[in-house]
Each structure stands twice: as structure tokens, then as C-alpha cells.
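Chains as they are written, first to last, in my numbering: chain A, 24 to 191; chain B, -18 to 111. Yeah, the Cβ is synthetic: ideal placement off N, Cα and C, and Gly gets one too.
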């Protein structure tokens, strides 16, 4: 089926916000003009996930979802040069339609498993999605901090945008 | 403190991995502050503030100028650019991804038959994995 007249919801495009609520966590927040049940379904149905999780340059070529507690998931993207990247994990809690907890690891760094908690909070037809990525161990957390990835997020995204932008 | 703090003094990422130093940067903001101002504003002692400022100076995250006997500090935002770039990349990736999800959701609502509205059969039958 082909939605040629998709409703104009694009006003939320680009509105995802990334923060670091603690030294262990990364938080991604976004609102959707859709019920929580729809977001949950789009998040957990392979044919739908394939349409948004991968990029145009690196689409999902594997999207396995065994949606039950203890069931596993695995996503693989393939870039235009044939390079494949894989992610996988196990579902820990499934509370349709507002909560999903799963482990995640990037197969390139198999020791750095994280726990992802998706929560969907629906209010008057609008759903606030929040994904918290919690690093599994202090060691991983420290490694992550050392490479600096999450350390700067909050500061930059919250307040320093203007300072950071070089005055060209 | 303890484990691997060796690189703290050489790398912007490490320099702001410490919450107190982030607080100091936030407190200075786009203004200018002396050590005393920061001690007043933050729950830190003067030696702590001075130590953190020294680290921030070493990685060029703050600049300082002397006014009489006092040193006044400003944030050098350009030094945060590597962090900004990384964070932006992460956020940009998620934005693109979630924008596509937005479109999928819009289509699901326009065509509820898609999958969403099916009476809740708990569908333990998975996607057939061939």
C-alpha cells in the first residue's frame, strides 16, 4: 500500500533530543502524533522496523524480532560498499503498549552490552517516546566516558549550542 | 577518582567527563567569572574550583585574563566543537531514524489495516523465519 497523501506530521521532524541523565545513561526523547500502541507496533514489527531503523545508505538487511521475554533480536545494516554492521540483544520486559526493555550490543564491541528501556507515554493522542540506554558495567561506562561520547551531550545540547558554533 | 584519570588533562572529552567541571562551565556560561564567583555559585571549595579550572585551562576550554589581582575566566566554546560534532552526529542519526518512524506511523493511521488495528491477538506466531 502506498500512502500518497500522508498527513502533514512533518512538523515534528528533527525534534528528537539526546541527553545524558547520568554518567551511565544516554536518553533519547521524541514525541509522535500517534497512539502508544502504534509506536510500539512500529518498534517491534520487522516489516515496519525495516522502514525506519536503517538509513537509505545502509538499510536493514536482517531484522529478526522474537518478541517474548527471553527472545532475541538482531538487526544488520548493509552499506553501499557491502559493509555490514550488526546489533543484537534479548528482550527482558514486554509490556505492550508502553514499555519494552531489552539488551543491546553492537557486534563490533561485543563486550559493551547496554540495556535499553523504551517507554511510551500517551496523552491525548500524542505519545512521548523515551529510550534510555544504560551501560551495563562500570568498565563499559568508563570506556565510553574515556572516548568522550556521552560526556559532552548534555552540556552541548542543552545550553552550549551557541557558544560552540564558531563565529564565521 | 581513581581508576583511569590519566588522560584527563590532555583531552577535552575527559576534561568534561567530570560533573564538577561541567558545572563550572555552565556557571561561567557566556559570561565571565572569577574563582570566588564560582565558589559562591557551586557547592565547591576554592581549592576544588581552582583545580578544576586548571584542568579546563590545560585543554583550552576556558580562557583567563588578569584584572588586578583577580583572574577572570570565560568559556572557549570552540574547544567544545569535537564534542558538539560527535553529539550532533548521534542526535542527527536518531533524528533521521525517528523522522522515518514518524512517516511510518502516519501511514499506519491513514491505513489502519496495515497491522496496528488487528484485534489484539497476542501473535506468539513470530515472523516466519525462513
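Residue i at chain B interface by Cβ criterion, 8 Å
i	result
residue 71(A)	yes
residue 59(A)	no
residue 158(A)	no
residue 53(A)	yes
residue 36(A)	yes
Between the CA atoms of residue j and residue i - distance to the nearest angstrom
i	j	result
residue -2(B)	residue 92(B)	47 Å
residue 129(A)	residue 158(A)	12 Å
residue 42(A)	residue 1(B)	17 Å
residue 192(A)	residue 53(B)	Since the first residue of chain A shown is 24 and the last is 191, residue 192(A) is not available in this structure.
residue 143(A)	residue 56(A)	12 Å
residue 127(A)	residue 115(A)	11 Å
residue 25(B)	residue 64(B)	25 Å
residue 3(B)	residue 70(A)	43 Å
is_contact[residue i, chain A] using C-beta, thresh 8 Å
i	result
residue 37(B)	no
residue 72(B)	yes
residue 18(B)	no
residue 24(B)	no
residue 81(B)	yes
residue 86(B)	yes
residue 27(B)	no
residue 78(B)	yes
Residue i versus the options, residue with shortest Cα-Cα distance
i	options	result
residue 20(A)	136(A), 82(A), 152(A) and 76(A)	In the structure as shown, chain A begins at 24 and stops at 191. Residue 20(A) is therefore absent and cannot be evaluated.
residue 145(A)	103(A), 59(A) and 37(A)	59(A)
residue 78(A)	108(A), 57(A), 147(A) and 134(A)	108(A)
residue 49(B)	15(B), 9(B) and 11(B)	15(B)
residue 76(A)	134(A), 153(A), 151(A) and 110(A)	110(A)
residue 49(A)	80(B), 75(B) and 83(B)	75(B)
residue 89(A)	117(A), 122(A), 81(A) and 102(A)	117(A)
residue 6(B)	38(B), 63(B), 79(B) and 78(B)	38(B)
residue 96(A)	68(A), 131(A) and 121(A)	68(A)
residue 80(A)	72(A), 98(A), 66(A) and 105(A)	105(A)
Contact under 8 Å by Cβ, residue i with residue j
i	j	result
residue 52(A)	residue 40(A)	yes
residue -7(B)	residue 35(B)	no
residue 54(A)	residue 149(A)	yes
residue 73(B)	residue 74(A)	no
residue 17(A)	residue 124(A)	Summary: the structure shown does not reach residue 17(A), with chain A confined to residues 24 through 191, and so no result is reported for it.
residue 42(B)	residue 30(B)	no
residue 35(A)	residue 21(B)	no
Practice item. Spell out a yes or no on whether the region 84 to 103 of chain A and the region 81 to 92 of chain B are touching, meaning 3 or more CB-CB pairs, one atom from each, closer than 8 Å. Key: When Cβ pairs closer than 8 Å are counted between the two stretches, the region 84 to 103 of chain A is seen not to touch the region 81 to 92 of chain B, the count staying below three.
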